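Protein chains in written order, with my numbering: chain V, -2 to 245; chain S, -2 to 245.
Let me begin by presenting the structure, written as structure tokens, before commenting on it.
2 protein chains.
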Amino acid sequence: MLQDHQTLLQHDCGDCAIRHRAVCARCDTDELLRLEQMKYYRSYQAGQTIVWVGDRMDFVASVVTGIATLTQTLEDGRRQMVGLLLPSDFVGRPGRATAAYDVTATTDVLMCCFRKRPFEDMMARTPHIAQRLLEMTLDELDAAREWMLLLGRKTAREKIASLIAIIARRDASLNLRRAAGALAVDLPLTREEMADYLGLTLETVSRQISALKRDGVIRLDGKRSITIPDFDRLLEEAGDDADGGLPV
Amino acid sequence: MLQDHQTLLQHDCGDCAIRHRAVCARCDTDELLRLEQMKYYRSYQAGQTIVWVGDRMDFVASVVTGIATLTQTLEDGRRQMVGLLLPSDFVGRPGRATAAYDVTATTDVLMCCFRKRPFEDMMARTPHIAQRLLEMTLDELDAAREWMLLLGRKTAREKIASLIAIIARRDASLNLRRAAGALAVDLPLTREEMADYLGLTLETVSRQISALKRDGVIRLDGKRSITIPDFDRLLEEAGDDADGGLPV
DNA sequence: GGTCGCACTTGATCTGTGTCAAAGCCCGGA
DNA sequence: TCCGGGCTTTGACACAGATCAAGTGCGACC
Chain V
-2 MLQDHQTLLQ HDCGDCAIRH RAVCARCDTD ELLRLEQMKY YRSYQAGQTI
48 VWVGDRMDFV ASVVTGIATL TQTLEDGRRQ MVGLLLPSDF VGRPGRATAA
98 YDVTATTDVL MCCFRKRPFE DMMARTPHIA QRLLEMTLDE LDAAREWMLL
148 LGRKTAREKI ASLIAIIARR DASLNLRRAA GALAVDLPLT REEMADYLGL
198 TLETVSRQIS ALKRDGVIRL DGKRSITIPD FDRLLEEAGD DADGGLPV
Chain S
-2 MLQDHQTLLQ HDCGDCAIRH RAVCARCDTD ELLRLEQMKY YRSYQAGQTI
48 VWVGDRMDFV ASVVTGIATL TQTLEDGRRQ MVGLLLPSDF VGRPGRATAA
98 YDVTATTDVL MCCFRKRPFE DMMARTPHIA QRLLEMTLDE LDAAREWMLL
148 LGRKTAREKI ASLIAIIARR DASLNLRRAA GALAVDLPLT REEMADYLGL
198 TLETVSRQIS ALKRDGVIRL DGKRSITIPD FDRLLEEAGD DADGGLPV
């Protein structure tokens, strides 16, 4: 019953060995119960816009299942994705009244929500929540900076390889779907969404995926599902140093 | 005597009308005094590297005077700036042992430092610090996302205009150097640093600055100092919507 | 089973920015 | 005063990726 938002409260307290699974019963029971009473759910269909820039935001939430994106748009329609929300990611900013980005459901999405005001009050009372939120925000900031390097300095081929590596890594850490040697990943994004992630056009995305396939770096099973025969080879193509992904 | 790190502890408590100047005496006196005892200074010369990626980080700090940058580098030397640290900005990540980025002093820099361990302990005891740090980190995340839009989707000309607008805005909010109509700004960065900020080459930066000058969007007084006759015109060139800068 | 529509691929061409190279400017030191 | 070196500007050219335009494949719906 606590599963949906436990990532919000978890913290390193020494008692909880497995950080991403356990919630420390000793310290957080009261807060957990209070939070439990506050939560409610919202679900959205694939393609649906969850909030528009400038909308009044009266809630904060975390993604339970599905994938959502944060995007920014220039007046003439150029779009850049600035956040990719996977299960357990947090949406919304305590202390801000209106949304700064468009939030869109890429697949069907279930969110676990908390009304903003009581959540903020609670944050003021229970230091663990602010500390946990700080930790999550710092992780996001690191991811954003890695992303900036990608956008500013990588070639189209490196961008595609990086994106596949990022998805594979986040995916693998959730699902442990690592077969012997080869790794199966499915891309939860359309070519256009990948383009918006990478600062490219969809044509370029398509061409570079074809090129990586031609060169044996990836194999395609259908259009959205790929296998990676050699992950290190992929990382090499991504141009990163050593382990080349989001610092975690 | 408290001036150097007061931004770290300030918060909205109702008593302090002017957020960026006042520290609420009622709530924070003890913490301020403890923090005061812990602080020490380091200074760096222009061009000097403050920390290298992977270095052990035994302190956190905030910039008192001068400008520093965070950069990431690919193996073949391509560089991308991922953070620009102006006075009052925070450096270092509580809970992380090694630096994730190169930190370099662009001008002479004075930093107000705290040893990491005691700072972390203090953070655990005094919720205000974590909350304040969260607020600052969320601001940085917003800035990073604006930056991602710039890197992924703006043209070279728009990038330059945006950078000038960003510097002018941060500068103006600190110094209130807004003359009637025209606005004088000096660029604290070399052409190469601007290029690293914007994901361009220094030649392109130079060409676009010349173009903006030719078109009357900016005027140059020497190489590093510009005046902006019409700020709205500049924002238009930057391609942003409405007020087009870092959301604050 | 056919056909409609949408996501994707592929091709031809165009263009903005990178690359390479040279020259100018300015400041500091001898 | 002149010289040297770093920062900057400018030019000529190359090329990665954008743009425009067909075409393909595949699932949904009749």
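Beta carbons: idealized from backbone N, C-alpha and C, even for Gly.
Quick caveat: nothing in here was measured; it's all calculated off a predicted structure.
Three-state class that DSSP yields for residue i in the structure shown
i        : result
Tyr194/S : helix
Ala58/V  : strand
Val182/V : strand
Gly236/V : coil
Gly247/S : Missing from the structure shown is residue 247/S; chain S here goes from -2 to 245 and no further.
Thr134/V : helix
Arg221/S : coil
Gln40/S  : A small correction: the amino acid at residue 40/S is Ser; Gln does not occupy that position in the sequence shown. If DSSP states are grouped into helix, strand and coil, Ser40/S belongs with the strands.
Val202/S : helix
Ala65/V  : strand
Arg18/V  : Low local confidence applies: a pLDDT of 33 at Arg18/V is under 50, so the model's placement there is unreliable, with the coordinate-based value given in what follows. Reduced to three states, the DSSP call for Arg18/V is coil.
Leu83/V  : coil
Arg76/S  : strand
Asp227/S : coil
Asp168/V : helix
Arg216/S : strand
Leu209/V : helix
Arg90/S  : coil
Ala102/S : strand
Leu71/S  : coil
Closer than 7 Å at the beta carbon, the chain V residues around residue i
i        : result
Gly236/S : Leu71
Gly196/S : Leu148, Gly149 and Arg150
7 Å Cβ cutoff, residue i in contact with chain V
i       : result
Gln77/S : yes
Arg23/S : At Arg23/S, the pLDDT of 48 sits below 50, so the modelled position is not reliable; the number obtained from the coordinates is stated separately. Cβ-Cβ to chain V under 7 Å: no for Arg23/S.
Best match in the options for proximity to residue i [C-alpha to C-alpha]
i        : options                                  : result
Met145/S : Gly80/S, Val50/S and Gly74/S             : Gly80/S
Glu200/V : Thr187/V, Ile161/V and Arg211/V          : Thr187/V
Met108/S : Val100/S, Pro115/S and Arg114/S          : Val100/S
Val106/S : Leu209/S, Phe228/S, Gln69/S and Val61/S  : Val61/S
Cys110/S : Ser59/S, Pro84/S, Ile47/S and Ala43/S    : Ser59/S
Asp229/S : Ala208/S, Asp237/S and Ser222/S          : Asp237/S
Arg221/S : Leu197/S, Ala102/S and Ala181/S          : Ala181/S
Gly196/V : Ile206/V, Ile157/V, Leu232/V and Gln45/V : Ile157/V
Val57/S  : Thr46/S, Arg75/S, Gly89/S and Ala102/S   : Gly89/S
Met78/S  : Gln42/S, Ala208/S and Ala192/S           : Ala192/S
Gln34/V  : Ala140/V, Phe116/V and Ser207/V          : Phe116/V
Asp183/S : Arg76/S, Ser203/S and Leu217/S           : Leu217/S
Leu71/V  : Lys36/S, Arg53/S, Gln42/S and Glu143/S   : Glu143/S
Pro185/V : Gly44/V, Met54/V, Ile64/V and Gly51/V    : Ile64/V
Thr103/V : Tyr41/V, Asp73/V and Arg167/V            : Tyr41/V
Arg75/S  : Arg93/V, Leu160/V, Arg150/V and Gln69/V  : Arg150/V
Val214/V : Asp227/V, Val50/V and Val202/V           : Asp227/V
Pro84/S  : Arg31/S, Arg114/S, Ile164/S and Leu231/S : Ile164/S
Arg31/V  : Leu131/V, Arg112/V, Val48/V and Arg53/V  : Arg112/V
Contact list for residue i against chain V, beta-carbon separation under 8 Å
i        : result
Ala208/S : Result: empty, since nearest Cβ-Cβ is about 20 Å, beyond 8 Å.
Neighbour flag for residue i against chain S, beta carbons, 7 Å
i        : result
Asp227/V : no
Arg90/V  : yes
Val20/V  : Legend: pLDDT at Val20/V = 43, less than 50; position of this residue unreliable, value from coordinates given subsequently. No, Val20/V lies away from the interface with chain S (no Cβ there is under 7 Å from its Cβ).
Glu233/V : no
Got a sec: which bits of the region 123 to 151 of chain S sit with their beta carbon under 7 Å from any beta carbon on chain V, in order along the chain?
Pro124, Ala127, Gln128, Leu130, Leu131, Glu132, Thr134, Leu135, Glu137, Leu138, Asp139, Ala141, Arg142, Trp144, Met145, Leu146, Leu148, Gly149 and Arg150
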